[in-house]
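Residue numbers (my numbering), protein chains in the order written: chain B, 1 to 266; chain R, 1001 to 1141.
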């Protein structure tokens, strides 16, 4: 309830208000602070479950990395988030992420908008699709780095000592009822028993999506055993939309401001 | 310069021992009086995102120490730390012409950045660095 403005030494500065701010004054104050934050209005996220999923936790790690002086305050929030989950997952942000961070003015994580688990007939391969909306990026921001992050759990049952080949594609076209046209971004060998976050560099793809949103047709992943058998990503231990909320796949992009954001004089 | 005869120094000494009512120009301030407390310095001010009822979309921090600068920049400036060289000239010219030339202004000399972690309308998470948000030191400019 301290809507008063106090001087730091708790002496109330003579020119400051000595009473609770009225509603419209509070709204004016909010508008002023929003203009400092460079936001046209206060966001209204729909956070039924989104507040505690993998992306905020990852971003909190990055925030923690950046602002050490506020570290003790953030740890409080971080512990509150982490206490939500039984599994204390491995550290999310990697050294590489911290390197991207130093060069960035802004980092943005994107929730996966759509995910089709095409359980096709056995002779056609399984694949999983992901889509991210990069159209909300503030003007003048250029992508300096972008990662697609997907969590792999240990597969103990059927494929115990298997090695998989995980391939990540950019969807570049396609017609209904037919397989999409794909551009291979990366293939990676995975051990069935390994566990943790997998990061795939999608910087070039993200720049294409930012420059021409119509070409944003999402990503596709598929998994094969070394003998060429197509298996579902779930059997390979890859966590999808229906997995634990703190392990769901997401995308993160690092931005550098093109020109200095100068507030318009008011 | 060395004073050829003590007289003028004597005079000046005499003069300095009397209260100098007459030499107090309009801009003159007695520096030993309580005015020093209004000397240019940093005052703390905290912007609380919680008080602004924003904790539903701002994840961290809870707020930030905005701080501000307030106080007089009066002659002699050596009483104020971090005065810029120009501020000394400004003070002298103000003394000669107090009605037309303002005193130096009390403004930040050291500003720090903060980072804010928040949700956008689509529940994406944004981590943004804001430069020059926290006043760490004030001085006369």
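Glycine residues also receive a C-beta, built at the ideal position from the N, C-alpha and C atoms.
Residue 103 (chain B) sits exposed, since fewer than 16 C-beta atoms from the chains shown fall within 10 Å of its C-beta. Annotation for residue 217 (chain B): 171 place their beta carbon closer than 6 Å to its own, counting only its chain and skipping 5 residues before and after. Not a single CB atom of chain R sits nearer than 8 Å to the CB of residue 211 (chain B). In the displayed model, residue 234 (chain B) falls within coil according to three-state DSSP, outside both helix and strand. Scanning B:185, B:173, B:174, B:180 for the CA closest to the CA of residue 166 (chain B) turns up B:185. Residue 1060 (chain R) has a beta carbon lying within less than 8 Å of a beta carbon in chain B. Going by beta carbons, residue 1135 (chain R) and residue 1042 (chain R) fall inside the 8 Å limit. Excluding sequence positions up to five before and after residue 1138 (chain R), its CB lies within less than 7 Å of the CB of 1040, 1041, 1042, 1069, 1106, 1107, 1108, 1109, all in the same chain and listed in chain order. Minimum Cα-Cα distance from residue 253 (chain B) among the listed residues B:39, B:130, B:202 corresponds to B:202. Contact between the segment 56-66 of chain B and the segment 1059-1069 of chain R is present: three or more C-beta pairs spanning the two stretches fall below 8 Å.
Taking a Cβ-Cβ cut-off of 9 Å, residue 22 (chain B) has no neighbours in chain R, whose nearest Cβ is about 14 Å from it. The closest CA to that of residue 132 (chain B), considering only B:107, B:227, B:206, B:229, is found on B:206. Note: residue 197 (chain B) is bridge-paired with B:151 in the DSSP secondary-structure output. Look at residue 207 (chain B) here: in three-state DSSP terms it is helix. Note on residue 53 (chain B): 16 or more other CB atoms within 10 angstroms of its CB, so buried under the neighbour-count rule. Per DSSP, reduced to three states, the secondary structure at residue 35 (chain B) is helical. Exclusion of the five residues before and after residue 42 (chain B) leaves 30, 34 as the residues of its chain whose Cβ lies within less than 8 Å of its Cβ.
For residue 1116 (chain R), the chain B residues whose Cβ falls inside 9 Å of its Cβ are 37, 63, in order along the chain. Of all C-beta pairs linking the segment 242-251 of chain B to the segment 144-153 of chain B, three or more are shorter than 8 Å, placing the two stretches in contact. Here the C-alpha atom of residue 59 (chain B) lies approximately 38 Å from the C-alpha atom of residue 1082 (chain R). Closer than 8 Å to the CB of residue 44 (chain B) there is at least one CB belonging to chain R. Residue 106 (chain B) and residue 220 (chain B) have their C-alpha atoms spaced approximately 26 Å apart. Residue 1111 (chain R): member of the beta strand (DSSP E) spanning 1106-1119, first to last residue.
Contacts with chain B at 8 Å (Cβ-Cβ) include residue 1052 (chain R). Residue 1131 (chain R) is classed as exposed because its beta carbon has fewer than 16 other beta carbons within 10 Å across all chains shown.
Annotated three-state conformation of residue 25 (chain B) is helix, per DSSP.
Of the residues assessed, residue 149 (chain B) falls on the buried side of the cut-off, its CB having 16 or more other CB atoms within 10 angstroms. With a threshold of 16 other beta carbon atoms within 10 Å, residue 163 (chain B) falls short and is exposed.
Taking the C-beta atoms as reference points, residue 1091 (chain R) is found no nearer than 8 Å to residue 1102 (chain R). Contact annotation: in the segment 1119-1135 of chain R, residues whose CB is within less than 8 Å of a CB in chain B are 1119, 1120, 1121, 1122, 1123, 1124, 1125, 1126, 1127, 1128, 1129, 1130, 1133.
In the structure shown, the three-state DSSP call for residue 1092 (chain R) is helix. Residue 108 (chain B) has B:253, R:1126 as its beta-bridge partners, per DSSP. One thing to note: residue 239 (chain B) has its Cβ no nearer than 8 Å to the Cβ of residue 140 (chain B). Against residue 136 (chain B), the close residues of chain R are 1120, 1121, 1122, 1124, in the order they occur along the chain (beta-carbon pairs closer than 8 Å).
DSSP lists no beta-bridge partner residue for residue 218 (chain B). Residues of the same chain with a CB within less than 6 Å of the CB of residue 213 (chain B), apart from the 5 flanking positions on each side, are 135 in chain order.
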